[in-house]
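Colleague:
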Amino acid sequence: LSLGSLAGLIDISAHWMTDLKEGVCLAGFWFNHEHCCWKSNTTFTDRDVCPEWKSWSQLILGHGEGAFAYILNYFMYVIWALMFSLLAVLLVKGFAPYACGSGIPEIKTILSGFIIRGYLGKWTLIIKTITLVLAVSSGLSLGKEGPLVHVACCCGNILCHLFTKYRKNEAKRREVLSAAAAAGVSVAFGAPIGGVLFSLEEVSYYFPLKTLWRSFFAALVAAFTLRSINPFGNSRLVLFYVEFHMPWHLLELVPFILLGIFGGLWGAFFIRSNIAWCRRRKTTKLGKYPVLEVFVVTAITAVLAFPNEYTRMSTSELISELFNDCGILDSSKLCEYVNDFNSTKGDDLPDRAAGPGVYTAMWQLALALIMKAFITIFTFGMKVPSGLFIPSMAVGAIAGRMLGVAVEQLAFYHHDWAIFSGWCSQGADCITPGLYAMVGAAACLGGVTRMTVSLVVIMFELTGGLEYIVPLMAAAMTSKWVADAIGREGIYDAHIRLNGYPFLEAKEEFSHKTLAMDVMRPRRNDPPLTVITQDSMTVEDVETIINDTTYSGYPVVVSRESQRLVGFVLRRDLIISIENARKKQDGIVSTSIIYFTDHSPPLPPSSPSMLKLRSILDLSPFTVTDQTPMEIVVDIFRKLGLRQCLVTHNGKLLGIITKKDILKHIAQLANQDPDSILFN
423 LSLGSLAGLI DISAHWMTDL KEGVCLAGFW FNHEHCCWKS NTTFTDRDVC
473 PEWKSWSQLI LGHGEGAFAY ILNYFMYVIW ALMFSLLAVL LVKGFAPYAC
523 GSGIPEIKTI LSGFIIRGYL GKWTLIIKTI TLVLAVSSGL SLGKEGPLVH
573 VACCCGNILC HLFTKYRKNE AKRREVLSAA AAAGVSVAFG APIGGVLFSL
623 EEVSYYFPLK TLWRSFFAAL VAAFTLRSIN PFGNSRLVLF YVEFHMPWHL
673 LELVPFILLG IFGGLWGAFF IRSNIAWCRR RKTTKLGKYP VLEVFVVTAI
723 TAVLAFPNEY TRMSTSELIS ELFNDCGILD SSKLCEYVND FNSTKGDDLP
773 DRAAGPGVYT AMWQLALALI MKAFITIFTF GMKVPSGLFI PSMAVGAIAG
823 RMLGVAVEQL AFYHHDWAIF SGWCSQGADC ITPGLYAMVG AAACLGGVTR
873 MTVSLVVIMF ELTGGLEYIV PLMAAAMTSK WVADAIGREG IYDAHIRLNG
923 YPFLEAKEEF SHKTLAMDVM RPRRNDPPLT VITQDSMTVE DVETIINDTT
973 YSGYPVVVSR ESQRLVGFVL RRDLIISIEN ARKKQDGIVS TSIIYFTDHS
1023 PPLPPSSPSM LKLRSILDLS PFTVTDQTPM EIVVDIFRKL GLRQCLVTHN
1073 GKLLGIITKK DILKHIAQLA NQDPDSILFN
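Residues in the sequence shown are numbered consecutively from 423, following our numbering.
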């Protein structure tokens, strides 16, 4: 419920602020362009021109024609864009540095059992929601889909704190976060089933069956809430939906597969260049000036975007325009065909010759394609919330629409060729350019994120075109194969590796014959493992250990000589318990002995009172023996999302294996320098 309402709020405000860059509504400044013109009786051809909506030049100069008015509108557009993006980056920098980026790599890492404190907190939620609206409406080449997943997980995490069952139980909380990720995609695309599959395929680490059904329910409620808010006024959940049901022909699979190849190539190119740029940002001085970087990128984007109407409109509107099939009433440039037919059988128009408008549109789309493809590389990863779904879909949709128009014109002028003669007679409607745009969007999105099943389901839920599953699958699979051939990992995994999060890839096999004793620490020449004994250490000894080391937990053993394992105690619990005991319990001094045993021996009357800490001891720490094959250890870490595991031999404690040790070991076996893996 909370996510559906937030998404509705984000959609409505982003829509309004995007239109604010071009003008304002006099009937009420809170209306966007479309809602402003609903009341007025405009003619169908001038549907965007209504007396209530004034562009900035009309407001300031009193007229909207001429060079000076154009320059003024241009100037206002750039100024608004810069204001929005600067406000966004300053809010992120000042209040919630975690609110930047898309958030999916970090959520994958959190669900794999790593803790990033404050990443899903209330400040992140508030700032991310506000700055997401600002970033989307500043016209930067970014989408709101990835950040919505982060917003959803913040909601899930905050709600978990209200219930004891979830507050105390980390595993239950991760299940809630899986469901939240599903709900996030569900409101972003209006695709509940696609959201569940996305959570299963991309985000989640451990996904039991009961979570599947709960995620589906959460996604459904979120989509229903958004639908009842109705943010776009068209009773749809997204701006771009499709309503064409023209059958496609088998021969059209050739251009679809070509689009798949394009999507794979662009995806691999995008990942390479974006990671190179982000690494540059991390290692050079560039990273010290996030505000300046956002300012420059926004300025370049806005200056390049305004002259071309396809880049001036918001990216979601552009995609909906490209997905649209030209009906008889469409006034867009993409639909300026030469009408030379007599019968009008409903909306099924035959293939027609392209008019001058279509050719202009092709030029502008080609320029828009180049701009979007390059500027997204520099935008993704800046210090504002930025999703990747919408820009990559836009790149694919532009390429697809251009190819679709080309095929359509080819079929129109050469319908007597052998490849067309069987199914494309003169005056028939055989090619739908909008379908090509849809397939291209799926291909590019697949090339960047390497999704397969969830991508196809999201696309056909988005567009309602069940008969287009085969073209979408062909394109998604081709793009994944092509992109995998060039570089193994998708954009999220690449960013996880770039940021050095300890994330064990669940998809890759571990096929080496090493044992647990080869990986565990301490190694042969290292100092011995830091341990705490169960009944012979004083408060002072334990405090010394805590101050001298930075580990997050310590094994508890029977005695230094026997080294038999009793349990594992967390550093945080130790610190809190000792502090509380000193405040509240009488007679606890530095020489008090700490007992982790069930029964403590009677003390001589003169000695200080003892401190019993049995309650904070984890009596069932995860242990493996020193002869356990690493293959099994890695599997245990993956399946259970462990952070550390103790190694024993005949019940004697030998060492410890952490997730970071495993990652370094895997890097070593792959002949990389194990110290090159940074965990910051």
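Idealized CB from N, CA, C, for every residue including glycine.
Determine contact between the stretch 818–827 and the stretch 563–570, defined as no fewer than three beta-carbon pairs at a distance below 8 angstroms.
Modeller: Contact between the stretch 818–827 and the stretch 563–570 is absent, because fewer than three Cβ pairs lie under 8 angstroms.
Colleague: Assess, as a yes-or-no matter, whether the stretch 704–721 is touched by the stretch 885–899 under the definition of 3 or more beta carbon pairs within less than 8 angstroms.
Modeller: With the cut-off at 8 angstroms, the stretch 885–899 and the stretch 704–721 do not touch.
Colleague: Would you mind sorting ASN1093 into buried or exposed? The rule is 16 or more other CB atoms within 10 Å of its CB.
Modeller: Counting from 1 along the sequence shown, the entry for residue 1093 is found at position 671. The residue in question, ASN1093, is exposed, as its Cβ has fewer than 16 Cβ neighbours within 10 Å.
Colleague: The ligand HEM and LEU1035: does the residue's C-beta get closer than 7 angstroms to at least one heavy atom of that ligand?
Modeller: Absence of the ligand HEM from the depicted structure is noted, as is the absence of any ligand whatsoever, leaving it without description.
Colleague: Quick check on the burial criterion: 16 or more other C-beta atoms within 10 angstroms. Buried or exposed for VAL471?
Modeller: The count along the sequence shown starts at 1 and reaches residue 471 at position 49. When all chains shown are included, VAL471 counts as exposed.
Colleague: Note down, one range per segment and in chain order, each alpha helix (DSSP H) of at least 4 residues found wholly within the stretch 851–939.
Modeller: Correct list: 855–871, 875–885, 891–908 and 913–921.
Colleague: As an exercise, report each continuous alpha helix (DSSP H) stretch of at least 4 residues that is fully enclosed by the stretch 503–550, in chain order.
Modeller: Within the stretch 503–550, the complete alpha helix (DSSP H) runs of at least 4 residues are 526–533.
Colleague: Let me check understanding here. Comparing Cα to Cα, which of VAL660, ALA727 and ALA828 lies closest to GLU674?
Modeller: Along the sequence shown, one-based indexing puts residue 674 at 252. Nearest C-alpha to GLU674: ALA828.
Colleague: Just tell me which of PHE646, ILE722 and HIS671 has its CA closest to the CA of ALA833.
Modeller: On the sequence shown, position 411 is the one that residue 833 refers to. Checked all of PHE646, ILE722 and HIS671; the closest Cα to ALA833 is HIS671.
Colleague: For ALA938 versus ASP1048, is the C-beta spacing smaller than 8 angstroms?
Modeller: Indexing the sequence shown from 1 puts residue 938 at position 516. Indexing the sequence shown from 1 puts residue 1048 at position 626. Their beta carbons are under 8 angstroms apart, which means ALA938 touches ASP1048 by this criterion.
Colleague: Could you check what DSSP says for ASP963 in three-state terms: helix, strand or coil?
Modeller: Position 541 of the sequence shown holds residue 963. Looking at ASP963 - three-state DSSP - the assignment turns out to be helix.
Colleague: Alpha carbon to alpha carbon, how far is MET668 from ASN761? Give it in angstroms, no decimals.
Modeller: Translated into positions along the sequence shown, residue 761 becomes position 339. Translated into positions along the sequence shown, residue 668 becomes position 246. C-alpha separation (whole angstroms): 20 angstroms.
Colleague: May I have a chain-ordered list of the beta strand (DSSP E) segments no shorter than 3 residues that lie completely inside the stretch 434–508?
Modeller: For the stretch 434–508, whole beta strand (DSSP E) runs of length 3 or above, ordered along the chain, are 445–447 and 475–477.
Colleague: Closer than 8 angstroms, CB to CB, is LEU1085 near chain B or not?
Modeller: Of the protein chains in this structure there is only one, and it is not chain B.
Colleague: Under the rule that 16 or more other beta-carbon atoms within 10 Å means buried, what is ARG945, buried or exposed?
Modeller: Along the sequence shown, read from residue 1 onward, the residue named residue 945 stands at position 523. Answer is exposed; the Cβ neighbour count stays below 16.
Colleague: Could you say which of GLY777, LYS632 and ARG910 lies nearest to GLU930 if we only look at CA atoms?
Modeller: Within the sequence shown, the letter at position 508 stands for residue 930. The shortest C-alpha separation from GLU930 is found at ARG910.
Colleague: By how many angstroms is the C-alpha of LEU1035 removed from the C-alpha of SER600?
Modeller: What you label residue 600 is simply residue 178 of the sequence shown in a count that begins at 1. What you label residue 1035 is simply residue 613 of the sequence shown in a count that begins at 1. One C-alpha to the other measures close to 35 angstroms.
Colleague: State the DSSP-derived secondary structure class of ARG823, mapped to helix, strand or coil.
Modeller: Your numbering for residue 823 matches position 401 in the sequence shown. Of the three classes helix, strand and coil, the one that applies to ARG823 here is helix, per DSSP.
Colleague: Does DSSP put PHE990 in a helix, in a strand, or in coil?
Modeller: As a working mapping, residue 990 is identified with position 568 in the sequence shown. Strand, per DSSP.
Colleague: Helix, strand or coil for GLN786? Go by DSSP, reduced to three states.
Modeller: Position 364 of the sequence shown holds residue 786. Three-state DSSP puts GLN786 in a helix.
Colleague: Is LEU634 closer than 8 angstroms to VAL618 when the C-beta atoms are compared?
Modeller: Numbered from its first residue, the sequence shown carries residue 618 at position 196. Numbered from its first residue, the sequence shown carries residue 634 at position 212. Yes, Cβ-Cβ distance for VAL618 and LEU634 is below 8 angstroms.
Colleague: How far does the beta strand (DSSP E) with THR1047 in it reach, from first residue to last?
Modeller: Here residue 1047 refers to the residue found at position 625 when the sequence shown is read from its first residue. Taken as a continuous stretch (DSSP letters only), the beta strand (DSSP E) holding THR1047 covers 1045–1047.
Colleague: Pair every Cβ in the stretch 793–800 with every Cβ in the stretch 680–698, then say whether three or more of these pairs are closer than 8 angstroms.
Modeller: As far as the Cβ criterion goes, the stretch 793–800 touches the stretch 680–698, which means the pair count is three or higher.
Colleague: Using a 10 Å radius around the Cβ and a threshold of 16 neighbouring Cβ atoms, would you call GLN1007 buried or exposed?
Modeller: Counting from 1 along the sequence shown, the entry for residue 1007 is found at position 585. Flag for GLN1007 reads exposed.
Colleague: Secondary structure at HIS1087, three-state DSSP: helix, strand or coil?
Modeller: As a first step, residue 1087 is located in the sequence shown; it is residue number 665 there, counting from the start. The answer is helix: DSSP assigns HIS1087 an H, G or I state.
Colleague: Please list the segments of the alpha helix (DSSP H) lying wholly inside the stretch 553–592, counting only runs of 4 or more residues, in order along the chain.
Modeller: You should have 567–582 and 586–589.
Colleague: Between the Cα of LYS1061 and the Cα atoms of TYR628, ILE537 and GLY486, which residue gives the shortest distance?
Modeller: Looking up residue 1061 in the sequence shown gives position 639. Checked all of TYR628, ILE537 and GLY486; the closest Cα to LYS1061 is TYR628.
Colleague: Taking 8 angstroms as the limit between beta carbons, can you name the residues of its chain near LYS1081, skipping five residues before and five after?
Modeller: As a first step, residue 1081 must be located in the sequence shown, where it is residue number 659. These residues qualify, in order along the chain: GLY535, PHE536, PRO924, LEU926, PHE1059, LEU1064, ARG1065 and GLN1066.
Colleague: Report the rounded CA-to-CA distance for MET439 versus ASN591, giving the unit in angstroms.
Modeller: Within the sequence shown, residue 439 is the residue found at index 17, counting from 1. Within the sequence shown, residue 591 is the residue found at index 169, counting from 1. Approximately 41 angstroms, taken between the alpha carbons.
Colleague: Assuming contact is defined by CB atoms lying nearer than 8 angstroms, are ASP433 and PHE654 in contact in what I supplied?
Modeller: Counting from 1 along the sequence shown, the entry for residue 433 is found at position 11. Counting from 1 along the sequence shown, the entry for residue 654 is found at position 232. Their beta carbons are under 8 angstroms apart, which means ASP433 touches PHE654 by this criterion.
Colleague: Return the CA-CA distance between GLY523 and ILE552, expressed in angstroms with no decimal places.
Modeller: Looking up residue 523 in the sequence shown gives position 101. Looking up residue 552 in the sequence shown gives position 130. For GLY523 and ILE552, the distance between alpha carbons rounds to 14 angstroms.
Colleague: Check the C-beta distance from LEU554 over to SER507 and give it rounded, since I have them as a contact under 8 angstroms.
Modeller: If you number the sequence shown from 1, residue 554 lands on position 132. If you number the sequence shown from 1, residue 507 lands on position 85. Actually they are not in contact, since the Cβ atoms of LEU554 and SER507 sit about 12 angstroms apart, beyond 8 angstroms.
Colleague: Three Cβ pairs or more, each shorter than 8 angstroms: is that satisfied between the stretch 479–497 and the stretch 769–788?
Modeller: No: fewer than three Cβ pairs fall under 8 angstroms.
Colleague: State buried or exposed for TYR759, treating a residue as buried only when at least 16 other CB atoms are found within 10 Å of its CB.
Modeller: Here residue 759 corresponds to residue number 337 of the sequence shown, with the count starting at 1. So TYR759 counts as buried.
Colleague: If you count every other CB in all the chains shown that lies within 10 Å of the CB of GLY856, and 16 or more means buried, which is it?
Modeller: The sequence position of residue 856 within the sequence shown is 434, counting from 1. Buried: at least 16 other Cβ atoms inside 10 Å.
Colleague: Can you say whether LEU913 is buried or exposed, counting buried as having 16 or more other CB atoms within 10 angstroms of its CB?
Modeller: Taking the sequence shown and counting its residues from 1, the one referred to as residue 913 is at position 491. The sequence given here places Ile at residue 913; Leu does not occur at that position. It is buried - the Cβ of ILE913 has at least 16 other Cβ atoms within 10 Å.
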